[in-house]
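A short write-up of the structure that comes next.
In full-length UniProt numbering, the protein residues as written are 1 to 659.
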């Protein structure tokens with residue numbers, strides 16, 4: 001509690017406390033007296049209704065006895081008996097006949113005063129065998145057998161049984177089928193013969209429930225909240241001054257049980273709906289049937305007078321307290337509160353980081369010394385904070401400072417840029433670090449762990465989201481921060497972006513792997529080229545040997561052809577008669593010679609090609625990529641050479657044959 005309120009409360013206490021004690025004692029005494037008056041008024045209303053109810057019940061019982069003694073009623077029983085004589089037990093006798101209507105009209109006059117003047121709801125006659133002979137209202141119960149029929153458990157049957165026992169009796173309210181289930185109560189008296197020795201029937205009157213309700217509500221002015229409830233032996237509501245009340249609970253139910261047990265008294269407690277209720281209870285007897293009468297009222301209305309007195313007392317005390325408070329406030333405001341408020345405002349501004357706030361004006365006495373001390377303290381704090389702030393601002397790497405609650409107190413633009421949050425660092429100050437770091441729970445975990453463990457966490461590498469789909473590889477170092485008393489005041493986090501380093505490292509590793517695979521492939525290609533070159537060299541040697549053999553054979557063929565030409569010349573010279581044939585043979589020989597010359601040229605070309613092939617074999621290692629094409633060319637040349645040699649041999653043979 002602030003000094004201002006302490007001073008005000010102290011002044012109020014020494015001025016108002018005596019008055020308050022006097023007011024409380026007075027209110028308690030007055031409240032007790034008014035509460036007793038409330039219970040007394042409730043008990044008086046309860047007792048007046050008890051007397052009225054018991055008087056009404058006694059009157060109804062007397063009037064039932066009077067009805068039973070009317071001579072015309074007894075005579076009517078005799079006249080109606082003949083009509084119902086043939087009725088079967090338990091079965092209703094039909095009464096919608098002209099004969100019964102005539103009988104009913106004849107016996108009706110004695111019953112009319114009881115329903116029309118005395119106010120009973122119905123007047124009935126029930127024979128000694130339980131058959132209902134007559135009802136003034138002509139209800140559905142006429143003709144029923146109360147002994148074995150559908151109404152044998154009704155309140156009408158209970159009243160009839162009491163009358164058959166020779167008593168003037170009251171039957172409690174119960175649902176009555178002829179009235180559609182509405183509750184009904186009856187009073188009954190025995191109808192005896194002229195000598196009074198035998199009970200012939202029962203005279204029954206249906207109790208006017210409206211009269212009971214009128215008695216319960218009589219004497220209550222409009223707007224009164226008191227209620228009166230007449231409860232039966234089962235605790236159910238028979239009649240209530242409040243319409244629609246079907247059941248009672250709480251203190252009303254408890255007091256009703258006490259009243260049924262024969263007790264009279266009052267109590268307070270929660271009623272229906274949980275509202276505090278005052279209740280006064282007493283037993284009521286109708287004939288031999290017990291009831292409970294409960295008078296109740298809401299406690300707040302019963303104690304309205306006490307509450308009004310309390311309000312007046314509180315108002316007086318409030319006015320007095322207000323005057324004292326005004327005087328004390330004016331004095332304290334001028335001498336203490338206003339100077340202190342200026343100092344507190346300046347202190348609050350400094351506390352929230354506004355070190356440029358205007359200092360409070362000069363004061364007097366102790367307040368001035370307090371002001372001077374505060375200004376000196378703020379100057380020293382500004383010096384210390386300026387030093388620390390300069391160090392933080394000089395750090396170019398991304399960094400962040402959080403307090404012990406995990407809220408950001410400093411963040412530099414480098415970290416904001418790394419997080420993709422722009423350059424407005426003021427927008428994130430004071431916000432939770434988890435919110436500022438966004439989708440980087442590992443950074444938040446390191447910062448929280450540092451605050452919890454009070455230990456440094458160095459060299460932690462993780463992936464950082466920059467607000468887009470990109471992920472950056474960073475190293476996080478966190479350390480706790482302490483004040484001069486070694487008290488934890490926050491944590492410092494330094495974030496180093498290793499994304500470029502990791503990318504370069506990955507590129508170097510990838511290239512080394514590519515070179516390794518290329519070297520392995522080159523080695524395999526070299527081995528393959530060497531084996532193919534060796535095979536090609538063998539084939540070239542074989543082709544060369546074949547060409548030399550063919551050359552030797554062609555030379556022999558040329559020699560043979562030359563000898564053949566000489567022979568032909570001799571033959572031509574010696575055979576004049578064969579000139580024409582010789583000329584033809586000469587032409588063919590010339591053609592053979594030309595063919596042989598062409599063959600020689602082809603063989604020469606083969607030799608040149610073989611020489612070129614031997615020369616190109618030295619360069620096969622450098623031209624591995626074209627080995628397949630060279631092999632194909634060599635194979636084609638070899639095939640052509642063989643074909644040329646074959647053609648030459650064929651032409652030579654033809655020439656020989658021609659010669």
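Glycine is no exception: its CB is placed at the ideal position from the N, C-alpha and C atoms. In this text the structure is predicted, and so the values were computed from the model without any measurement.
inquiry  = Please state the DSSP three-state secondary structure of residue 571.
reply    = A caution first: residue 571 carries a pLDDT of 44, below 50, which makes its placement in the model unreliable, though a value can still be read off. Residue 571 falls in the helix class under three-state DSSP.
Three-pair Cβ contact test at 8 Å for the stretch 196-209 versus the stretch 113-123 = yes
message = Suppose the cutoff is 6 Å on Cβ atoms and the five residues either side in sequence are ignored; what does the same chain contact list for residue 434 look like?
response = 444
key: Given residue 180 as reference, the closest of 114, 18 and 154 once Cα atoms are compared   = 154
ask   = Just how far apart, CA to CA, sit residue 43 and residue 258?
value = 15 Å
request  = Could you give the DSSP three-state label for residue 682: helix, strand or coil?
outcome  = In the structure displayed, the chain extends from 1 to 659; residue 682 sits before or after that span and is not available.
query = Does DSSP put residue 262 in a helix, in a strand, or in coil?
reply = coil
ask   = For residue 385, which three-state DSSP category applies?
value = helix
key: CB-CB length for residue 459 against residue 475, believed under 8 Å   = Going by Cβ atoms, the distance from residue 459 to residue 475 rounds to 6 Å, so yes, they are a contact pair.
Whole-number beta carbon distance between residue 260 and residue 239, since they are thought to touch under 8 Å = Their Cβ separation, rounded to whole angstroms, is 15 Å, which puts residue 239 and residue 260 out of contact at 8 Å.
ask   = For the putative contact between residue 136 and residue 108, defined by C-beta atoms under 8 Å, what is the C-beta separation to the nearest angstrom?
value = Going by Cβ atoms, the distance from residue 136 to residue 108 rounds to 7 Å, so yes, they are a contact pair.
message = For the ligand FAD, is there any heavy atom lying closer than 8 Å to the beta carbon of residue 44?
response = What this structure holds is no ligand at all, so the ligand FAD is not there to describe.
task = Identify every residue that forms a DSSP beta bridge with residue 209.
result = Paired residues: none, contrary to the question.
ask   = Considering only residues of the same chain and omitting the five flanking positions on each side of residue 403, which have a CB-CB separation below 8 Å?
value = 409, 489 and 490
request  = Determine the direct distance from the alpha carbon of residue 93 to that of residue 214, and round the result to whole angstroms.
outcome  = 37 Å
query = If you scan the stretch 482-511 from start to end, which runs of the beta strand (DSSP E) of 3 or more residues do you find wholly inside it?
reply = The qualifying runs are 488-497.
message = Quick check on the DSSP output: the alpha helix (DSSP H) that includes residue 70 runs from which residue to which?
response = Careful: residue 70 lies outside any alpha helix (DSSP H) and carries neither H nor E.
inquiry  = Quick test of your reading: residue 411 and residue 400, contact by CB under 8 Å. State the CB separation rounded to the nearest angstrom.
reply    = 5 Å
request  = Taking residue 86 as the reference, give the member of 283, 133 and 9 with the closest Cα.
outcome  = 133
message = At the 9 Å Cβ level, is residue 49 part of the contact set with chain C, yes or no?
response = Given the protein chain composition of this structure (a single chain), no chain C is represented.
ask   = Relative to the alpha-carbon of residue 482, which residue among 413, 503 and 456 has its alpha-carbon at the smallest distance?
value = Looking only at 413, 503 and 456, the smallest Cα-Cα distance to residue 482 is reached by 456.
key: residue 122 - containing beta strand (DSSP E), residue span   = Segment 122-127, the beta strand (DSSP E) holding residue 122.
request  = Report buried or exposed for residue 164, applying the criterion of at least 16 other Cβ atoms within 10 angstroms of its Cβ.
outcome  = buried
ask   = Bridge partners of residue 239, per DSSP?
value = 230
query = Taking the alpha-carbon positions, what's the residue 636 to residue 528 distance?
reply = 22 Å
task = To the nearest angstrom, report how far apart residue 498 and residue 415 are at their CA atoms.
result = Linking residue 498 to residue 415 through their CA atoms gives a straight-line distance of about 14 Å.
message = On the DSSP letters alone, give me the boundaries of the alpha helix (DSSP H) that residue 104 sits inside.
response = 98-107
inquiry  = Can you look up residue 666 in the DSSP assignment and give me helix, strand or coil?
reply    = Outside the shown range of the chain (1 to 659) lies residue 666, about which nothing can therefore be said.
Bridge partners - residue 134, DSSP secondary structure assignment = Paired residues: 125.
key: Cβ-based burial, residue 531 [other Cβ within 10 Å; buried from 16]   = exposed
ask   = In terms of alpha-carbon separation, which member of 439, 534, 115 and 167 lies closest to residue 421?
value = Per the C-alpha coordinates, the member of 439, 534, 115 and 167 positioned closest to residue 421 is 439.
Option in 365, 496 and 256 with minimal Cα separation from residue 294 = 256
query = Looking only at C-alpha atoms, which of 59, 311 and 233 sits nearest to residue 173?
reply = 233
task = Quick one: measure Cβ to Cβ for residue 286 and residue 57, integer angstroms, because I've assumed they're closer than 8 Å.
result = The beta-carbon separation of residue 286 and residue 57, rounded to 4 Å, stays under the 8 Å limit for a contact.
ask   = Just checking my contact of residue 64 with residue 188 at CB under 8 Å: how many whole Å lie between their CB atoms?
value = 6 Å
ask   = For the candidate residues 521, 230, 599 and 611, whose alpha-carbon lies nearest to that of residue 641?
value = The option with the nearest alpha carbon to residue 641 is 599.
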